[in-house]
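Encoded as structure tokens, the structure appears first; notes follow it.
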Amino acid sequence: MHIAVIPARGGSKRIPRKNIRPFCGKPIIAYSIEAALKSGFFSSVVVSTDDAEIADVAKKYGADVPFMRPPALADDFTGTTPVVVHALNHYLEQGVQVDTVCCIYATTPFTTVSDLKLTYKALETAPASFTITTYDFPTHWALEQDSEGRMSMSQPQFIRVRSQDLPESYHGTGQIYWGTREFLLNGNDFQEGKAVGVQVPRHRVQDIDTEEDWVRAEAMYRALKETEQL
3 MHIAVIPARG
13 GSKRIPRKNI
23 RPFCGKPIIA
33 YSIEAALKSG
43 FFSSVVVSTD
53 DAEIADVAKK
63 YGADVPFMRP
73 PALADDFTGT
83 TPVVVHALNH
93 YLEQGVQVDT
103 VCCIYATTPF
113 TTVSDLKLTY
123 KALETAPASF
133 TITTYDFPTH
143 WALEQDSEGR
153 MSMSQPQFIR
163 VRSQDLPESY
173 HGTGQIYWGT
183 REFLLNGNDF
193 QEGKAVGVQV
203 PRHRVQDIDT
213 EEDWVRAEAM
223 YRALKETEQL
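Okay, so the sequence shown: first residue is 3 according to the working numbering, each after it adds one.
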């Protein structure tokens with residue numbers, strides 16, 4: 003059995019009520035719920051929230067809300083993995099045999115069914131997988147600034163290496179994370195070297211943490227829909 007867990011606490015600070023804010027016509031969390039349901043992978047698509055309004059919106063779009071997240075897991079410092087494990091344990095305590103869990107973030111309207119399929123397939127070779135993309139600029143040329151404003155390279159050994167000769171660098175997209183039951187219950191982190199990265203195109207990746215991010219994401223979403231790339 004596979005379950006999807008969509009973390010969606012109510013106390014977002016930089017964009018208030020972010021998880022249910024209208025995005026191109028519907029609450030942004032609806033996109034994650036609909037992608038999970040459309041994939042057909044999951045016996046349950048769970049929204050983990052501490053907020054009654056978010057719970058109501060989630061149910062409206064077809065998600066399950068079998069519990070309310072406890073306050074200890076809904077503060078500003080709780081990471082994603084404890085939230086996912088809490089949801090997993092809820093089912094295990096009910097005697098439900100869960101084999102794998104897919105965490106889908108609530109503010110990822112660019113997530114597709116294909117992304118879910120590819121990251122699931124990656125579990126054939128690893129106990130966990132997540133989506134990645136390339137950096138816009140080579141990380142090897144990153145700069146640091148001292149207290150007097152002077153700049154220096156973080157990795158000076160690459161100062162004379164051509165960009166085409168640098169190894170590609172990647173970062174997590176913050177969209178999809180799959181893990182087996184054992185991987186999650188053993189306290190593993192997705193970026194400790196056990197998980198496989200599944201690359202998605204850079205134009206479908208957008209952190210949404212500020213108002214500027216939100217405007218950019220909506221513009222990109224509309225453009226991709228108009229050109230049938232999403």
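Using N, Cα and C, we set each Cβ at its ideal position, and we do this for glycine too.
Remember, predicted model here, so these are calculated numbers, not experimental data.
task: Put Y93 into one of helix, strand or coil per three-state DSSP.
output: Secondary structure at Y93: helix, using DSSP grouped into helix, strand and coil.
query: Between V207 and the rest of its own chain, which residues show a CB-CB distance below 6 angstroms, the 5 nearest in sequence each way excluded?
result: T135 and T175, listed in sequence order.
field: Selection from F69, A108, I31 and D167 that minimises the alpha carbon distance to E95
entry: F69
task: Could you tell me which uninterrupted alpha helix (DSSP H) segments, each at least 4 residues in length, are contained entirely in the stretch 43 to 107, listed from first to last along the chain?
output: 54 to 62 and 82 to 95
task: Going by CA-CA distance only, name the one from H142, Y172, R152 and Y223 that's closest to P158.
output: H142
task: Starting from L145, trace the beta strand (DSSP E) both ways and give me its first and last residue.
output: L145 to Q147
- prompt: Between R183 and V100, which are expected to be in contact by the criterion C-beta below 8 angstroms, what is the C-beta distance as a whole number of angstroms?
  reply: 6 angstroms between Cβ atoms; contact.
task: Can you give me the start and stop residues for the alpha helix (DSSP H) that Y172 sits inside?
output: Here Y172 belongs to no alpha helix (DSSP H); instead the beta strand (DSSP E) covers Y172 to T182.
- prompt: With a Cβ-Cβ cutoff of 7 angstroms, do I178 and T121 count as a contact?
  reply: yes
- prompt: Whose C-beta lies closer than 7 angstroms to the C-beta of H92 among residues of the same chain, with five residues either side of it excluded?
  reply: P68 and F69
task: Would you mind reading off the limits of the beta strand (DSSP E) that contains V247?
output: It is not possible to answer for residue 247, since the shown part of the chain is limited to 3 through 232.
query: From which residue to which residue does the alpha helix (DSSP H) around S34 run?
result: First-last of the alpha helix (DSSP H) with S34: I30 to S41.
task: May I ask you to report which of helix, strand or coil DSSP gives P158?
output: helix
message: Please classify V217 as buried or exposed, where buried requires at least 16 other C-beta atoms within 10 Å of its C-beta.
response: exposed
field: Given 8 angstroms, three or more beta-carbon pairs between the stretch 127 to 134 and the stretch 46 to 55
entry: no
message: If I follow the unbroken beta strand (DSSP E) through V207, where does it start and stop?
response: Premise fails: V207 is in no beta strand (DSSP E) and is neither H nor E.
Contact under 7 angstroms by Cβ, P84 with L75: yes
query: In or out: I22 buried (at least 16 other Cβ within 10 Å) or exposed?
result: Label assigned to I22: buried.
field: Which listed residue (S14, H88 and I106) has its alpha carbon closest to that of D78
entry: S14
R71 versus T109, R11, F44 and S116, residue with shortest Cα-Cα distance: R11
query: T114 to S165, Cα distance in whole Å?
result: 31 angstroms
field: Close-in-space but distant-in-sequence residues of the same chain around D148 (CB under 8 angstroms, 5 per side omitted)
entry: S154
query: In whole angstroms, what is the alpha-carbon distance linking P18 and P9?
result: 16 angstroms
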